[in-house]
Amino acid sequence: MKFFAPDFDFYEGNAEHVPQRQTVSLAPLDITEEPSLTYRRKHVEEGWSHTSRNLPQLVDWMAKQRLNILVYPTDHFGRGGTVWADVREQLLPEIHKRDLLVEVGAHGFQTFLPPEDYPQYYPPGTVAGSNVFEVDNDEAVQAYVDNVVAYLQENPEIDIFDAWPPDGAIWPPSATEEFGSIANAYAHVVSELGTAIRQELPGVRVEAIAYDTHIEPPDPEYMYHTETIIDFAPYDRSYTETIDGDTYPLNRYYVDLIERWRDAFDGDLAIYEYYRKYSFHSLPVVMPELIGYEAPYYRSLGISGLGTYSEPADWMTYELTHLILADASWNEDLDVEQYLTAYTSERYGAAAEDMRTYFALVERAGRAIFDRAPGNYSDMTVVSAARDGFLAARAALDAGDSKVPSESTEGFLLRRLARNAEFAIADTEIRYYELTGESERAREAREATHVFVDAHRFDGIIVKDRWSMRSYQSGMTGNHGPGAGLVNTQWVWDMYRRIFAPAPPPGDSYLSDHEWRYGGNGWGPVERDQSNGSYEAGDGDTLSIDGQTFARGLGTHAYSEIAYQLDDTCERFTSWIGIDDEVRGSSQPFFGEPAPATFQDDWDFRDQQGKQAVAGGGDGTMAVLGHSEAEEPSDPEWLESPIADHSGQRPWVLSLDGNDDVVTLPGVDDVELSQGFAFEGWFYQRTRGNFPRLFERRPGMIFFVLADGRLRVDMNTVAGKRISAISQDALPLNEWAHVGLVYDVRDNEARGRLYLNGEEVSYAVQDVTSDDPALLGGRPTYLGNRGDDSDRGFDGLVAFARVVTPARALDEWTLDLFPLNALGGTVVFEVWGDDRQIYTSDIQTKFMPPTYVDVSVEDVNELRLIVLDGYDGKGDDHANWAEPRISC
């Protein structure tokens, strides 16, 4: 018998191999086995695709694979999606039947002491953005302890409680002031809780997590009680080499930390590993060789537990990961080569050799690109190698599929994995073509990635969540608060949990009159019969597209997805679609006639002495493409813009490679800049680089990007002073941003102001004596580099850039966007019937009239209306389904 995976529905009976025999005979057994690790866990974690249907299937498989602890959040992120209370009644009989342990908690200080209910225990006005209560306040700590103890008394099934701070914990300043370090402050809270639990609930263990701000061991006087379990989480380690390798400092640091923990702490120490990681976003990053090496290595360090988290929706992709980790947790002496040979032979039959090739290829590709937490998607060599690896892996799956019967288990699995490999290729090609500057092919890759995600979200190979979607949609990286990303993620849980909604009645009706199964929106909620408006419910206006108003419809904002249950009873869906007129525009260069750009006193850029430095033109005639003093001449290229203008065209923009590319600004060298000037440009930064230059006249002035994306300028004044200004906000990556610098001089006072997307982000006067010359004329002025053999090159695109010198200095300078964006949002509307795309629009912009959609929905059980952001990574995408009607 082989229990390869939980018997999830999408396996269609292919999860296990249980031979059928009429007679079973066993020889006498005299075998005693003991597990290598005490804590053999499977984490539910974010739990997007864990449901009441598949959780019992997971528990059953865990017992068969000799895992002994199910870890479930109390309330993941405190958002009501993955909550132990919602599943405990159903799961407990299955858990107790198999004698598993229950571990509950996770990132949840805020769950037991929510700031909205206990504002007195948080810094006033959320000082410094703290999301951790004032741990130096004994009353606050006691309130947290009392609430946790009460919860555990109400849930006596819990064997281990995870007392973790919020993910991305921001501690109040008083924590370090009182305890000397965050590690000490955290240990203080857990120790207080542990003491209370040992008194009130003997037998319940408390777990602390060594992670992020609190990963270091506390000082001896704050050290944890030995009954506490420490879970060590090396979140941002490299997978390119083993944890004990010497190439990546973080790996070495984590091993050193584990050894320090082992020396300082006498209790149980476990590892929270990320062998199946959300940031892998369902790519086939399957690493049996790495796991086979590291499991016994961790055990040699004195580790007594190991676990990783899971999602049913991509379990098939990571089947081998889950399987080998479970077996290695039981038997640390597992021989990975023998294991892989046996697994591929038993699971894939005649395709075994091709599958060994497949696993070698995806491990090599995945480990190369994930040498850091989010992946190394800025290095063309790495991205290209990963793409080649996934292409070869796809070929290996095809080769294997040709050797097995089409209706066999092996054929079923190979075809599913082939779809995942195609997804991996498309996903990787997004960045590949961005790096090569082929914007249209990058857009096509984004679209293909989206189609794979939506078509296979229930097939066991791809989780549709904020992690997989962020490759092709903007705003998918955050999870907290207005504007921080995919604000409303409840719909993802609802999607996987198959929330019921009644089908529309017979006849014609507006969809806005009916209940949806789930509705997700990129900014605030989906609005019925009004535009999206802003973040609050009901704050929209009359639906309006290019001046035409509609009384009925759905107001949305990309990314949006609304699902209706039809039960195969309807015939047609119709709707008008388009961008709502409430869109005012956002930070995008507009390649049409420039709008006025003025200072506060109506000083107009275009009427003054100015020098146009760079402007779009396919032949590059509007800029002098200079060369550096490096051995090879610089060769900036003209490429099509990643975004379209209002007419749908993609004008030419200048691309700099981040190495020796540099642009000499025509006619600016002799211009006197020491008495004031304005510089502005539209920049699209691909990678951070090494303090890349935006604009420079050496040695008097440098305007550059810091390692964290903030802007900085250093300039020498006529008075022999140096002024510096540093922005608070960062230049975004992989999207257009307008950057401005104003240098004003009055008498001997100089002022420097920085602007990002039209907003002033810094103003500074720094009286530092400087011996360097000021910004006099007669010196070369550069865009995108230092102009010599330099590693300070800007890696990205430039749409417009110019230097303007006024005839006089001004008291007030306000640099507005130039040119102003007249484009507004860009979106794509899609209609899906179940997992099949039945309509997709062209890219819609603010300037387009309403488009009419009329499609058949016969034999459709679930109708989904999707709005994408036009694959341009920009916001302000207010999109209307106007007069959406369904005929049933």
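Residues 1 to 888 (my numbering) are what the sequence shown spells out, left to right.
Note that beta-carbon positions come from the ideal geometry of N, C-alpha and C, so glycine has one too.
- Contact check for A396 and L361: beta-carbon distance about 6 Å, within the 8 Å limit, so the pair qualifies.
- Of the residues Q110, G522, S36, R41, the one whose Cα lies closest to the Cα of D75 is Q110.
- The DSSP assignment places 305-309 as complete runs of the beta strand (DSSP E) inside the region 292-367, in order along the chain (cut-off: 3 residues).
- One Cα belongs to G519, the other to A563, and the distance between them is close to 6 Å.
- In the structure shown, L435 falls within a helical segment according to DSSP collapsed to helix, strand and coil.
- Assignment of H43 by DSSP, reduced to helix, strand and coil, places it in the strand class.
- Rounded to the nearest whole angstrom, the C-alpha separation of N690 and E12 is 52 Å.
- Secondary structure at P124: coil, using DSSP grouped into helix, strand and coil.
- Inter-residue distance for L566 and P502 is about 8 Å (C-alpha atoms, whole angstroms).
- Considering only E407, Y186, G411, A169, the residue with the shortest C-alpha distance to D398 is G411.
- Measuring C-alpha to C-alpha distances from I324 to each of P505, L67, A393, G555 identifies L67 as the nearest.
- In the DSSP assignment, F112 falls outside any beta strand (DSSP E) and lies within the alpha helix (DSSP H) extending over 109-112.
- Take the alpha-carbon of H456 and the one of L863: they are about 16 Å apart.
- The three-state secondary structure of E192, taken from DSSP, is helix.
- Judged by beta-carbon spacing, W48 lies beyond the 8 Å limit of E440, meaning their Cβ atoms are not closer than that value.
- Remark: C-beta atoms of R41 and G349 do not approach each other more closely than 8 Å.
- With respect to the 8 Å criterion, D661 and N785 are classified as neighbours on the basis of their beta carbons.
- Contact annotation: the region 294-302 does not touch the region 442-460, with fewer than three C-beta pairs closer than 8 Å.
- In this structure, L756 lies near L711, with their beta-carbon atoms less than 8 Å apart.
- Distance from the Cα of S408 is smallest, within the candidate group A313, A15, D729, for A15.
- Positions of the alpha helix (DSSP H) runs, each at least 4 residues long and wholly inside the region 441-469, are given as 466-469 in order along the chain.
- By the Cβ neighbour-count rule, L29 is exposed, with fewer than 16 other Cβ atoms within 10 Å of its own.
- Within the region 135-214, the complete beta strand (DSSP E) runs of at least 3 residues fall at 160-162, 205-210.
- Between the alpha carbons of L435 and A737 lies a gap of roughly 18 Å.
- Nearest to E227 by C-alpha distance, out of R415, V853, G267, is G267.
- For F280, there is no enclosing beta strand (DSSP E), since its DSSP letter is neither H nor E.
- According to the DSSP assignment, E680 belongs to the beta strand (DSSP E) that extends over 676-685.
- Taking C-beta atoms under 8 Å as the contact rule, P288 and L334 fail to qualify, at a distance of about 10 Å.
- DSSP places A264 in the uninterrupted alpha helix (DSSP H) bounded by 249-264.
- Note that the region 538-549 does not touch the region 456-468; fewer than 3 beta-carbon pairs, one per stretch, sit closer than 8 Å.
- L26 counts as exposed, since fewer than 16 other C-beta atoms from the protein chains shown sit within 10 angstroms of its C-beta.
- Secondary structure remark: continuous alpha helix (DSSP H) runs of at least 4 residues inside the region 522-577: none found.
- Here DSSP, grouped into helix, strand and coil, assigns F794 to coil.
- In chain order, A352, M355, R356 place their CB closer than 7 Å to the CB of T344, counting only its own chain and leaving out the 5 sequence neighbours on each side.
- Your pair I158 and L152 checks out as a contact, with CB atoms roughly 6 Å apart and the cut at 8 Å.
- By the C-beta density criterion, Q65 is buried, having at least 16 other C-beta atoms within 10 angstroms.
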